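Worksheet: one structure, shown below.
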Amino acid sequence: MPASAPHLTSLRGGAGNYVDHSALKVNQTGIVTTVLVAFIGSALYRPLLVLIPLLAVVLLLGTFAPQLALFKQLYFKVLKPRGIVKPRRVQDRPEPHNFAQGLGGVFLAVASVFLLPVPVIGLALALLVAVLAFVNLAFGYCLGCQIYFQLGKRGLIRT
Amino acid sequence: MSSQLWALAVVGIVVLAAACLEIFRSRRARLKSVGATAEPANEPYILYFTGDGCTVCRTHQEPALARLGPVRIDKVDAIAERTLADRFHVYTLPTTVVMSPEGRALNVNYGYAAAPKLERQLAAARGARIQAATA
Chain Z
0 MPASAPHLTS
10 LRGGAGNYVD
20 HSALKVNQTG
30 IVTTVLVAFI
40 GSALYRPLLV
50 LIPLLAVVLL
60 LGTFAPQLAL
70 FKQLYFKVLK
80 PRGIVKPRRV
90 QDRPEPHNFA
100 QGLGGVFLAV
110 ASVFLLPVPV
120 IGLALALLVA
130 VLAFVNLAFG
140 YCLGCQIYFQ
150 LGKRGLIRT
Chain L
0 MSSQLWALAV
10 VGIVVLAAAC
20 LEIFRSRRAR
30 LKSVGATAEP
40 ANEPYILYFT
50 GDGCTVCRTH
60 QEPALARLGP
70 VRIDKVDAIA
80 ERTLADRFHV
90 YTLPTTVVMS
100 PEGRALNVNY
110 GYAAAPKLER
120 QLAAARGARI
130 QAATA
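Chains Z and L supply the protein sequences, listed in that same order. Numbering of the first sequence is given in numbering that gives the first Met the number 0, commencing with residue 0 and proceeding in unit increments. Numbering of the second sequence is given in numbering that gives the first Met the number 0, commencing with residue 0 and proceeding in unit increments.
Structural data, given as C-alpha cells:
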C-alpha cells in the first residue's frame, strides 16, 4: 500500500511478496513475438509452425521449474544485468502469474495438437494466447489471474 | 495463407463475443448490486475489493485511490470476505463501490476505475446528500 494513502482502512494480507514485473513483461513480449513469427511466418515457410509446440513446452516447463523459464531467464541473465531492461519490483504474488503462464502453455499445447489436422483451430488458439499476452503487456489485465481469483473464491484452489 | 485469415477471423469473433459478454455481465452485476447495503458512515465512502493476487489493484487502482481527496476507503479482501463480496456481485478485481452515508451502494465499478471517475461519483453522492438535507 503506498504511504501516500493514509485514509485506506481495513488493510489485510498481501505484505512481504514482491514480483519483478519487468520479468513478466519480457515473458509476455516473448510469447507475443514467438506466436506472431509462427503465425505470419508459417504462411511463407510452413515449418515455422514448430515454434508453437516449442513455446508450449517453454511455458509449461517455466511454470513448474522457474529456472527453465526461457524468457524470464533471458531477462534475469542478460537484459537486467546489462541494464537493457530496468527491474520493476511490485508488491505482488507470483502464483497467479504462474497459473496464467501455465494456462497459456496448456492452450498452446492444445493448439499444437490441432496444427496439422485442423490448422485453423490450432492457429486461432495460438493467436488467442498472443492476444491475451498482449492485453496483459499493454493494459495490465491478466485473464489467467482473474480465473485464478475465481477458482480461489469458489474454494477450488488454495490462494 | 487462407488458414491464417480464417484463424484471424475466428479470434476476432471470439474477442468480440468476449467483449459483449463482459459488458452484459458487468451491467447485470451492477443492476443487482446497486442498492446493496454495508456499514453506514458520516460521509459517502468507498468499498474497495481487492485480493493478494490482484496486480492491477497494486499497479493502477491503489495509486488512483491515493489521488482522491480525503475520503474513507474500506479495503476488503474479496476472498476472505466472500459474503460481502457476493453481496456486491464482485466477479472481478479490483471492484470499487461508492457508498452513500446510509451504507447503500450508489455506483459499482467492476475493473479498474480511474481517479476522475471516482471523484465524479463521490461528488454526485455528496451532492445528493446536500439536496436531501435541504429538501
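Cβ atoms here follow ideal geometry from the backbone N, Cα and C, with glycine treated the same way. In this text the structure is predicted, and so the values were computed from the model without any measurement.
{"Query": "Element boundaries [beta strand (DSSP E), containing residue 71(L)]", "Result": "Neither: residue 71(L) is in no beta strand (DSSP E) and is coded neither H nor E."}
{"Query": "Distance, residue 86(L) Cα to residue 77(L) Cα", "Result": "11 Å"}
{"Query": "Cβ-based neighbour list, residue 59(Z), same chain, cut-off 8 Å, excluding 5 preceding and 5 following", "Result": "101, 104, 105, 108"}
{"Query": "Three-way DSSP call (helix, strand, coil) for residue 87(L) in this model", "Result": "coil"}
{"Query": "Closer than 7 Å: residue 39(Z) CB and nearest the ligand GTP heavy atom", "Result": "With respect to the ligand GTP, the structure offers nothing, as it holds no ligand at all."}
{"Query": "Closer than 8 Å to chain L by CB, residue 31(Z)", "Result": "no"}
{"Query": "Three CB pairs or more closer than 8 Å across the stretch 33-40 of chain Z and the stretch 81-99 of chain Z", "Result": "no"}
{"Query": "Under the three-state DSSP convention, the category residue 79(L) falls into", "Result": "coil"}
{"Query": "Alpha helix (DSSP H) segments (min. 4 residues) lying fully within the stretch 108-137 of chain Z", "Result": "none"}
{"Query": "Partner residues on chain Z for residue 2(L), Cβ-Cβ distance less than 7 Å", "Result": "118, 119, 122"}
{"Query": "Whole beta strand (DSSP E) elements within the stretch 42-66 of chain Z, 3-residue minimum", "Result": "none"}
{"Query": "As assigned by DSSP and simplified to three states, the class of residue 89(Z)", "Result": "strand"}
{"Query": "CA nearest to the CA of residue 24(Z), picked from 73(Z), 111(Z), 145(Z), 147(Z)", "Result": "73(Z)"}
{"Query": "CA-to-CA distance, residue 29(Z) to residue 75(Z), given in whole angstroms", "Result": "14 Å"}
{"Query": "Contiguous alpha helix (DSSP H) assignments of at least 4 residues, all confined to the stretch 30-68 of chain L", "Result": "61-65"}
{"Query": "Three CB pairs or more closer than 8 Å across the stretch 4-19 of chain L and the stretch 63-79 of chain L", "Result": "no"}
{"Query": "Positions along the stretch 101-113 of chain L whose CB lies within less than 7 Å of some CB in chain Z", "Result": "none"}
{"Query": "Any 3 or more C-beta pairs closer than 8 Å across the stretch 47-67 of chain Z and the stretch 110-119 of chain Z", "Result": "yes"}
{"Query": "Alpha-carbon to alpha-carbon, residue 45(L) and residue 95(L)", "Result": "7 Å"}
{"Query": "Whether residue 141(Z) touches residue 110(Z) by CB criterion (8 Å)", "Result": "no"}
{"Query": "C-alpha distance - residue 106(L) paired with residue 97(L), whole-angstrom precision", "Result": "5 Å"}
{"Query": "Listed by chain order, chain Z residues near residue 55(L) by CB distance under 8 Å", "Result": "139, 140, 141"}
{"Query": "Inter-residue spacing [alpha-carbon to alpha-carbon] between residue 1(L) and residue 122(L)", "Result": "54 Å"}
{"Query": "DSSP three-state assignment for residue 109(L), whether helix, strand or coil", "Result": "strand"}
{"Query": "DSSP three-state assignment for residue 96(L), whether helix, strand or coil", "Result": "strand"}
{"Query": "Residues from the stretch 41-73 of chain Z in contact with chain L, defined by Cβ distance under 8 Å", "Result": "41, 42"}
{"Query": "is_contact[residue 85(Z), chain L] using C-beta, thresh 8 Å", "Result": "no"}
{"Query": "Whole-angstrom distance between residue 124(Z) and residue 15(L), CA atom to CA atom", "Result": "15 Å"}
{"Query": "For residue 103(L), the three-state DSSP class (helix, strand or coil)", "Result": "strand"}
{"Query": "Span separating the alpha-carbon of residue 133(Z) from that of residue 48(L)", "Result": "26 Å"}
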